[in-house]
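In my numbering, the protein residues as written are 135 to 621. Glycine included, every Cβ here is placed at the ideal spot set by N, Cα and C. This report refers to the structure that appears directly beneath it.
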Ligand SMILES: [Zn+2]
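Right, here's the structure in full:
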């Protein structure tokens, strides 16, 4: 086969080629609907009356088959039209444009691309040779590689984030991990030795699946165990990245990633590696190929704008233009990823406060709470939980409803506690009586502590701050934050 050479424009012939292909496919064996069904090991549903009615008619099935057939007639390299790359997309579109023109002329009666089989049926095969090829605009193609200009990459990246697979959040995690990888750039820039420079550059373009798996582990562990976010409507469709974490870490883990058992972390990473980045042949390597799929007509095509990958080598290899793009626009692209990630999770977690901030901040820096200590000190000298007298210098400020749920330092939610109580409570909720105690405390001191009053006013959205506090406590429980008995 003679494929087009990279960079040289390929002009496809007129619509006559498409008609020729049509005639060949339709005239060839195995081309009735019944036969297509048999070949695919399935039958069309009872609702598909059109298909049933034409069971014995000659059909031209599958858009991919059409494209392949035309490519074969044009002697084009199969990999150029069916594999990755923009050529496949452009070629597909140009063939489909010609088919649409044939439909408009009444040469193709049924367009069942939306049906189960996706077949075309010729209205009248004998009319085919009469069509004037000059009436069909010949498609042209001006290059082989994807559009790697800044504008082209921006367009592809945003399209992947907002239009791609809606099954789970893997694509956001992958985009975030790649961006993190590209953050630092490559250090070879200042070196004199060109060979060394090139070597360093090549190594930076390669991202092992293992690196990606580790990032996935961190992101999902944080969302699952610290933030208690929901990842899906249906528990049956919980993503592997989450179910594997649950297998390893069970119900509760330390509230801090750095304190996790190293062996558990290693085990979880291996499971994610196998189940999310697994070998293509095991059909589990989903996220890496799927990421670059973009909608083309009524199907999707993989356009390798950003990277190539090798499942045997267990790594993706960034295209140099993509690396530069990710590096130069890192902050902006990261924001785009976080916004789209939030948009995906928002409907699943409608009552969870501060979703975007939570997703953005992996190990969010908490503010020092010292000013709140002096704010409450004049009014209390004992631990909110155990009522023991607080020793000056050992007073801690605690978020009664966990900070990881509220994600803010609101005076209304802060109490003074001793170290043992604060340490024991950690990321959990105290029992109801302490929620009631908090409401009581706020009512009593509202008039005396201006910042407390301000925080309660901000909380009040019409049904009163008291109801809001109870509401937060309840929602926090519902998201799976555990309660703990204190003191
Ligand atoms: Zn205490």
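Contact under 8 Å by Cβ, residue i with residue j
i	j	result
residue 589	residue 537	no
residue 519	residue 553	no
residue 465	residue 341	no
residue 548	residue 531	yes
residue 354	residue 394	no
residue 382	residue 408	no
residue 399	residue 347	no
residue 428	residue 290	yes
residue 494	residue 472	yes
residue 587	residue 596	no
residue 352	residue 496	yes
residue 487	residue 541	yes
residue 539	residue 615	yes
residue 282	residue 439	yes
residue 425	residue 316	no
residue 503	residue 442	no
residue 356	residue 391	yes
Residue i CB to nearest heavy atom of ligand 1 below 7 Å
i	result
residue 368	no
residue 441	no
residue 522	yes
residue 607	no
residue 389	no
residue 528	no
residue 564	no
residue 551	yes
residue 554	yes
residue 610	no
residue 519	yes
Buried or exposed (CB count within 10 angstroms, at least 16 for buried), residue i
i	result
residue 618	exposed
residue 412	buried
residue 285	exposed
residue 612	exposed
residue 516	exposed
residue 454	exposed
residue 369	exposed
residue 484	exposed
residue 577	exposed
residue 373	buried
residue 377	exposed
residue 397	exposed
residue 280	buried
residue 371	exposed
residue 610	buried
residue 491	exposed
residue 359	buried
residue 592	exposed
residue 300	exposed
residue 136	Confidence at residue 136 is low in this model, with a pLDDT of 36, below 50, so its placement is unreliable and the value that follows should be read with caution. Under this definition residue 136 is an exposed residue.
CB-CB length for residue i against residue j, believed under 8 Å
i	j	result
residue 365	residue 482	7 Å
residue 313	residue 452	So it is not a contact: roughly 11 Å between Cβ atoms.
residue 561	residue 389	4 Å
residue 606	residue 513	With a Cβ gap of about 23 Å, residue 606 and residue 513 do not count as contacting.
residue 456	residue 287	6 Å
residue 420	residue 375	Not confirmed; about 11 Å, so no contact.
residue 309	residue 350	Contact flag wrong, Cβ pair sits at about 12 Å.
residue 524	residue 564	So it is not a contact: roughly 17 Å between Cβ atoms.
residue 436	residue 296	That pair is no contact at about 17 Å.
residue 534	residue 568	7 Å
Cross-strand partners of residue i (DSSP beta bridge)
i	result
residue 530	551
residue 663	Since the first residue shown for the chain is 135 and the last is 621, residue 663 is missing from the structure and cannot be characterised.
residue 512	Looking at the DSSP assignment, residue 512 forms no beta bridge with any residue, so it has no partner.
residue 564	618
residue 523	516
Closer than 7 Å: residue i CB and nearest ligand 3 heavy atom
i	result
residue 621	Summarising the ligand content, the structure contains ligand 1 and does not contain ligand 3.
Below-8 Å beta-carbon distance, residue i vs any chain D residue
i	result
residue 592	Reference to chain D is not applicable here, since this structure consists of a single protein chain.
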